[in-house]
Amino acid sequence: MKNVTVTLPEETAQWVRVWAAEQGKSVSAALADLIDEQRHDRQRRERALDQFRSVPPLMLGPVGQGYPSRESVHER
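The numbering of the sequence shown is the numbering used here, which starts it at 8 and goes up by one.
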């Protein structure tokens, strides 16, 4: 593990101490878990975006024809 010094406003530092204690963790462990969650969330979002971009767009009709009119789409 790498030691990192973080400077917080006193009110925030007090809140973090209480928040960590409620989880039964040290401030260091609680912040490490929070940062790790954020890192994994970002990786999941990046993978999802890559997957989305890997699928070719769905064509609604022949190229150059334009979109159908509202009326034709809602005909019954």
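A virtual CB, placed ideally from N, CA and C, is assigned to each residue, including glycine.
The beta-carbon separation of Ala-27 and Ala-37, rounded to 4 Å, stays under the 8 Å limit for a contact. Residue range 34-61 is occupied by the alpha helix (DSSP H) that includes Ser-61. Straight-line measurement puts the Cα of Tyr-74 at about 10 Å from the Cα of Met-66. The alpha-carbon of Met-8 is positioned some 60 Å away from that of Gln-72.
Thr-19 sits in a helix when the DSSP states are folded into three classes. Val-34 sits close to Arg-24, with the two beta carbons spaced by under 8 Å.
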